[in-house]
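Participant: So that we are looking at the same thing, I have put the structure below in structure tokens.
In my numbering, the protein residues as written are 82 to 294.
As structure tokens, this is what we get:
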């Protein structure tokens with residue numbers, strides 16, 4: 082009786098990598114979806130208060146790390162990706178404005194100047210954790226009071242760090258950008274893929290969705 086060579090048998094297809102995105106941000110969800118990666122969303126609930134004297138770079142990296150760990154603790158065996166982004170000018174963290182008045186104040190400060198956008202990205206799961214920090218320099222064109230008032234009136238700045246969205250109506254504010262554009266939106270895609278690769282993760286892409294004909 083002939084015994085088949087087991088080495089000649091095709092190996093079963095590996096199960097596709099399915100990430101858990103530890104973020105409620107629709108912008109991060111949209112960016113990750115553009116890559117075709119399979120993922121689910123499970124927002125992390127952590128204290129995001131900065132530590133006294135904590136540098137902005139350390140702040141975003143710590144929050145990304147804590148978000149990833151918090152979700153991974155409830156998802157054994159799964160890889161969890163987390164990120165946190167902040168806008169920094171003169172050493173000050175410009176978070177989401179409390180109201181329209183604060184948004185106008187932030188935009189007036191940013192007018193005609195260059196600021197930094199930092200994003201910390203962290204990966205936690207069944208293997209060794211990994212993280213990276215990405216910085217992008219953004220220069221605003223000089224803005225008039227009427228332009229600022231109009232933009233704030235659109236409502237777009239009110240839930241954005243730094244009071245603007247470069248991928249939306251706020252694109253007209255920007256004069257120059259040095260670094261990753263997607264970092265400014267909330268998730269530096271190139272660096273995120275490199276992070277996954279450094280962690281030793283294969284990246285089986287999901288097939289593109291077919292459109293109706």
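Every residue gets a Cβ at the ideal spot worked out from N, C-alpha and C, and that includes glycine.
Let me make sure I understand the geometry here. Which of 177, 280 and 260 has the alpha-carbon closest to that of residue 236?
Facilitator: 177
Participant: Which residue from 244, 117, 268 and 280 puts its Cα closest to that of residue 185?
Facilitator: 244
Participant: For residue 230, does the count of other Cβ atoms within 10 angstroms reach 16, so buried, or fall short, so exposed?
Facilitator: With fewer than 16 other Cβ atoms inside 10 Å of its own Cβ, residue 230 counts as exposed.
Participant: Assuming residue 249 is part of the alpha helix (DSSP H), what are its boundary residues?
Facilitator: It is not in any alpha helix (DSSP H) - residue 249 carries neither H nor E in the DSSP assignment.
Participant: In whole angstroms, give me the CA-to-CA distance for residue 123 and residue 152.
Facilitator: 7 Å
Participant: Using the Cβ count rule (16 or more neighbours within 10 Å means buried), how would you classify residue 146?
Facilitator: buried
Participant: Have a look at residue 249 and residue 226 and give me their C-alpha separation to the nearest angstrom.
Facilitator: 20 Å
Participant: In the DSSP assignment, what are the bridge partners of residue 169?
Facilitator: 174 and 197
Participant: Could you name the residues that DSSP lists as bridge partners for residue 162?
Facilitator: The partner list for residue 162 (beta bridge, DSSP) reads 102 and 204.
Participant: Reducing DSSP to helix, strand and coil, say where residue 116 ends up.
Facilitator: Under the three-state reduction of DSSP output, residue 116 falls in the coil class, being neither helix nor strand.
Participant: Looking at residue 257 and residue 168, is the spacing between their C-beta atoms short of 9 Å?
Facilitator: The answer is no: Cβ separation not under 9 Å.
Participant: Hey, how far is the Cα of residue 197 from the Cα of residue 269?
Facilitator: 14 Å
Participant: Return yes when the Cβ of residue 164 is within less than 9 Å of the Cβ of residue 104, no when it is not.
Facilitator: yes
Participant: Is any non-hydrogen atom of the ligand GTP found closer than 8 Å to the C-beta of residue 230, if you look at the structure I gave you?
Facilitator: Absence of the ligand GTP from the depicted structure is noted, as is the absence of any ligand whatsoever, leaving it without description.
Participant: So what's residue 216 in DSSP terms, helix, strand or just coil?
Facilitator: Residue state, collapsed to three classes: strand.
Participant: Does residue 93 come out as helix, strand or coil in the three-state DSSP assignment?
Facilitator: With a pLDDT of 38 at residue 93, under the threshold of 50, the predicted position of this residue should be treated as unreliable, though the coordinate-derived value follows. Three-state result, residue 93: coil.
Participant: What's the gap between the Cα of residue 126 and the Cα of residue 148?
Facilitator: 7 Å
Participant: Exposed or buried, residue 109, counting other C-beta atoms within 10 Å across all chains shown (16 or more means buried)?
Facilitator: Residue 109 should be labelled buried.
Participant: Below 9 Å between beta carbons: does that hold for residue 161 and residue 273?
Facilitator: no
Participant: Measure the C-alpha to C-alpha separation of residue 210 and residue 280 and round it to an integer number of angstroms.
Facilitator: Just so you know, the alpha carbons of residue 210 and residue 280 end up roughly 7 Å apart.
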